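Worksheet: the structure to be examined is printed underneath.
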Amino acid sequence: MTTSINWFRFASPASFFPLARRLAPWFASAAALLALLGCYLGLFVAPTDAQQGEAYRIIFIHVPAAWMSMFIYLVMAFWCAISLTFNTRLAAMMAQSLAPTGAMFTFVALWTGALWGKPTWGTYWAWDARMTSELILLFLYFGYMALRNAIDDPRRADRASAVLALVGAINIPIIYFSVKWWNTLHQGASVSLTAAPTMAKLMLAGMLVMAFAAWFYAIAIALLRVQAIILERECATAWVGELAASVRGAK
Amino acid sequence: MSAGDFLAMGGYGFYVWGSYIVAVVAIAIEVVAVRAHLNAARRMPGNEELR
C-alpha cells in the first residue's frame, strides 16, 4: 500500500520543527477549553459524594495527573527505544521534551494524593505500594533529567538516558497493578476497561474531560519544548539559517 | 449555595483548594519556563533571526 504522505519525512528535526510550531497552539487551545469545561463539571455540576462529601472533588485533578504521570513515562520510554534502535535524533529530542512534564504530573499526583489522603484515610502519606512506586517514578524522571544534564555530548546523553528510561519502565506496571498485587491503603481502580464504572456518570464525565485536557496540555507543552530543544541542538545549521532567512523575508 | 459555602467545600476547602491551586501553579510555572527556554533557544548564535 502506498500513501500520499511520507511520514518518515517528519523524522528529521528540520521538517518536524515547522509542524510542531503549527500544531502547538491548537493543542494548547483545546487543553484550555477542556480544562475550563472539566472544572465547571467537577466543581459545579457533579453531585456531592455520599461517603466523602466534597473532599472527593480532588479526583478531577488527582486521577488525570496520575494517569498522565504513567502514560508520559511510557511514551518517553517508547521514544527512547526508537532512538536507541534507529539512532534518530528527533526521537531522543521527543523523550527529552516529555520528561519535565511527566515529572510535573507525578508531583501533582503525589501532592493531591496527600491532600486527599488526610481527610479520607487520616494520613498525608503512607509507605504503601502505590504511593512508594509513584514516588520512585518521580525520582526516575529526576534521574533521567539529571543524567542528561551531566553529559555534555548530546548524542551520548541520548543513549545513556535512554537506557535509564527503559530500565525504569519496569516501574510502570508495578504502579498500575500495585493495588491488585499488594493489600494497599490506596483503593483499587475506579475506572477500568473491563468493568462498568462504579462512579456516578457526571463524576466520570468530569474526570474524563479533565483527562483529555491533561492529555492535550502534555502534547502542547511537549511540542513547545521540543522546538526549543531542536533550536538548541541544531543551532547554526544550514536549515535553521534557511528558516531564519524565510522569517526575515516574511517581515 | 453562597460563595462562602462554595469556598468552604463542606469543610474540606483546605484539601480541595490546596489541590487545585497547586496544580494550577505547577502548570503556570511550566508554561513560563518553556516560554523562557524557547526564547533563549531563539537567541542562540545562528538562530537570532527567528525571534
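Residue numbers (my numbering), protein chains in the order written: chain A, 1 to 251; chain B, 1001 to 1051.
Cβ coordinates follow ideal geometry from the N, Cα and C atoms, glycine included.
All of these numbers come straight from a predicted model, not from anything done at the bench.
**Asked** Taking Cβ positions only, does residue 106/A come closer than 7 Å to chain B?
**Response** no
**Message:** As an exercise, report each continuous beta strand (DSSP E) stretch of at least 3 residues that is fully enclosed by the segment 14 to 84 of chain A, in chain order.
**Reply:** none
**residue 163/A versus residue 80/A: straight-line alpha-carbon distance, rounded** = Spanning the two alpha carbons is a distance of roughly 8 Å.
**Item:** Residue of 117/A, 105/A, 147/A minimising C-alpha distance to residue 137/A
**Value:** 105/A
**Message:** Tell me the DSSP secondary structure of residue 178/A in three-state form.
**Reply:** Look at residue 178/A here: in three-state DSSP terms it is helix.
**Request:** Determine whether the Cβ of residue 1001/B lies closer than 7 Å to any Cβ atom of chain A.
**Result:** no
**Message:** Using 7 Å as the threshold, is the C-beta distance between residue 72/A and residue 98/A below it?
**Reply:** yes
**Prompt:** Are the C-beta atoms of residue 221/A and some chain B residue less than 7 Å apart?
**Reply:** yes
**Request:** Check residue 96/A in the structure and name its three-state DSSP category.
**Result:** Looking at residue 96/A - three-state DSSP - the assignment turns out to be helix.
**Asked** Considering only the beta carbon of each residue, do residue 226/A and residue 1047/B sit closer than 7 Å?
**Response** Contact check for residue 226/A against residue 1047/B fails: the beta carbons are separated by 7 Å or more.
**Message:** Can you pull out the residues from the segment 85 to 118 of chain A whose beta carbon lies closer than 8 Å to at least one beta carbon of chain B?
**Reply:** Taking 8 Å as the cut-off between beta carbons, the residues of the segment 85 to 118 of chain A near chain B are 100, 101, 104, 107, 108, 111, 112, 115, 116, 118, in sequence order.
**residue 227/A, DSSP secondary structure in three states** = helix
**Message:** As an exercise, report each continuous alpha helix (DSSP H) stretch of at least 4 residues that is fully enclosed by the segment 90 to 172 of chain A, in chain order.
**Reply:** 129 to 150, 154 to 168
**Request:** Mind reading off the beta-carbon distance from residue 203/A to residue 38/A? Whole number of angstroms is fine, and I expect it under 8 Å.
**Result:** Contact doesn't hold; Cβ gap of about 12 Å is too wide.
**Item:** Contact check, residue 165/A vs residue 144/A, beta carbons under 7 Å
**Value:** Yes. Within cutoff.
**Request:** Run down chain B in chain order and give the residues with a C-beta less than 9 Å from the C-beta of residue 187/A.
**Result:** Those do not exist, as residue 187/A stays about 17 Å from chain B at its closest Cβ, beyond 9 Å.
**Request:** Please name the residue, chosen from 119/A, 102/A, 50/A, 159/A, that lies closest to residue 66/A on a Cα-to-Cα basis.
**Result:** 102/A
**Item:** Cβ of residue 1004/B within 7 Å of any chain A Cβ
**Value:** no
**Asked** Helix, strand or coil: how does DSSP classify residue 234/A here?
**Response** coil
**Asked** Is residue 227/A close to chain B, meaning its C-beta is less than 7 Å from at least one C-beta of that chain?
**Response** yes
**Request:** Just tell me which of 90/A, 207/A, 201/A, 174/A has its CA closest to the CA of residue 15/A.
**Result:** 90/A
**Asked** Relative to the alpha-carbon of residue 1020/B, which residue among 57/A, 154/A, 76/A has its alpha-carbon at the smallest distance?
**Response** If you compare the alpha carbons of 57/A, 154/A, 76/A with that of residue 1020/B, the shortest gap goes to 57/A.
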